[in-house]
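Counted the way the working numbering counts, the sequence shown spans residues 209 to 549. By construction, the Cβ of each residue, glycine as well, lies at the ideal position given by its N, Cα and C atoms. I have placed the structure first, in the form of structure tokens, so that the comments after it can refer back to it.
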Amino acid sequence: MATPESVGLDPNKLCALAAKFEEWEEANLHGIVVVRHGKLAFEHYFRSFDLKARGGPGIIDFNAKTTHHLRSMTKSVTALVLGVAIDRGIIADVDQSVLSFFPDYADLRTPEKDRITIRHLLTMSIGLDWSDDAPYTNEDTLNRSLDPYRYVLSLPVVEPAGSVWNYSGGATALIGGILSQATGKRFDVLAATLLFDPLGVSDVAWTWLPNGHPKNWCCLWMRPRDMAKMGQLVLDRGRWNGAQVVSETWINAATAPQIKTIYRGLDYGFQFWLGASFVSGKRIDWVEAQGQGGQRILIVPTLDLVTVVTAGNYYGNDRLANLVPQTVFDDYVLPAADPAH
209 MATPESVGLD PNKLCALAAK FEEWEEANLH GIVVVRHGKL AFEHYFRSFD
259 LKARGGPGII DFNAKTTHHL RSMTKSVTAL VLGVAIDRGI IADVDQSVLS
309 FFPDYADLRT PEKDRITIRH LLTMSIGLDW SDDAPYTNED TLNRSLDPYR
359 YVLSLPVVEP AGSVWNYSGG ATALIGGILS QATGKRFDVL AATLLFDPLG
409 VSDVAWTWLP NGHPKNWCCL WMRPRDMAKM GQLVLDRGRW NGAQVVSETW
459 INAATAPQIK TIYRGLDYGF QFWLGASFVS GKRIDWVEAQ GQGGQRILIV
509 PTLDLVTVVT AGNYYGNDRL ANLVPQTVFD DYVLPAADPA H
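Structure follows, in structure tokens:
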């Protein structure tokens, strides 16, 4: 572990960050990890309530060894696993038809659905009638389904594939299904072999579907330091400890703006978000994995910086879910990395 000063971070701003959130109990912040120049430079954990704790809801004394729910940051992990699979030839490319991997679903085929490709899954543009908003009817049905991939693909077409961004856990679920169909292995096994093992990540847990497969769009637990490894892998264009775990080509595509979202200032890549913050009048572009409740892995290539935020502002608390990580990052971490400090 490096000192903040040794990697060009202002320790006073980071100490102020910890003090701010120790006092602001309503923020329900769980942990912060900051990595600069590939070195762990700051981490702080809190005693807070977690509805999604691995052992059940309760007050948790979070520490470096406590796994935390990624929520939809799991989608970004799924994209990295898919990238390795494509690099290894397990999947040919992102322009393969989704239904080509599910021959048992021949009855679902239509010209419109045949046009849905893996690329459309990655960019949330499958064009099917899905809503990720409350009351979460689609996701609830997916969670209960014995054949979840058929459920998603049986939904009506409402837009041409690739034309409209519409956030969809079902799209990411299909990526897991495709990888399982192509290999005969569950997604969690593939994630461990292709991604986690090369990064030295072992303490993980999943929530499961009725068909025995993991919920690869939402429901992975991991230690915050291991989340930071995912961010560092992206920052280093797919390299880890000198080895190319996933190709630079894939990272470049995943972190490039592939489609506009409905949110001002946010673009979408392959299961990653792209945006910018402004510090001292300067625009700082970033890539992030984002999860409900305030989960973030924020990657800033120009500053050689990775920040992980975990929090517990889940259902019905959207204001804090966005405000808390934004405050951590924009008001403290980025100013701490500002050369002007």
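What does the alpha-carbon distance come out to for the pair residue i and residue j?
| i | j | result |
| --- | --- | --- |
| Leu350 | Gln498 | 21 Å |
| Lys423 | Asp340 | 15 Å |
| Tyr344 | Ala261 | 21 Å |
| Arg527 | Ala287 | 27 Å |
| Asp348 | Met435 | 27 Å |
| Thr415 | Phe480 | 22 Å |
| Pro554 | Ala224 | The chain is shown from 209 up to 549; residue 554 falls before or after that span and cannot be answered. |
| Gln304 | Leu336 | 18 Å |
| Asp218 | Arg504 | 21 Å |
| Ser362 | Asp539 | 45 Å |
| Ile324 | Ala379 | 10 Å |
| Pro368 | Ser376 | 15 Å |
| Leu443 | Gly483 | 15 Å |
| His276 | Lys490 | 33 Å |
| Val487 | Ser256 | 29 Å |
Per DSSP, what kind of secondary structure is residue i in: helix, strand or coil?
| i | result |
| --- | --- |
| Asp493 | strand |
| His277 | strand |
| Asp340 | coil |
| Ala451 | strand |
| Trp373 | coil |
| Tyr476 | strand |
| Ala413 | strand |
For residue i, is the classification buried or exposed, using 16 other Cβ atoms within 10 angstroms of its Cβ as the cut-off for buried?
| i | result |
| --- | --- |
| His245 | exposed |
| Arg296 | exposed |
| Lys437 | buried |
| Ala300 | exposed |
| Thr274 | buried |
| Leu329 | buried |
| Leu354 | exposed |
| Val292 | buried |
Could one say the Cβ of residue i lies closer than 8 Å to chain C's Cβ atoms, at least one of them?
| i | result |
| --- | --- |
| Ile386 | The structure shown contains no chain C, having only a single protein chain. |
Whole beta strand (DSSP E) elements within the region 219-262, 3-residue minimum: 237-244, 247-253, 255-258, all fully within the region 219-262.
Sequence ranges, beta strand (DSSP E) only - wholly within the region 504-548, length at least 3: The DSSP assignment places complete beta strand (DSSP E) segments of no fewer than 3 residues inside the region 504-548 at 513-519, in order along the chain.
The region 520-536 / the region 439-459 touching (three or more Cβ pairs under 8 Å): Touching, no, given that fewer than three Cβ pairs across the two stretches are closer than 8 Å.
Counting pairs of beta carbons, one from the region 307-316 and one from the region 465-472, are three or more of them closer than 8 Å? Short answer: they don't touch.
Ignoring anything shorter than 4 residues, give me the alpha helix (DSSP H) runs that lie fully in the region 300-345, in order along the chain. As far as the region 300-345 is concerned, its whole alpha helix (DSSP H) runs of at least 4 residues are 319-322, 326-330.
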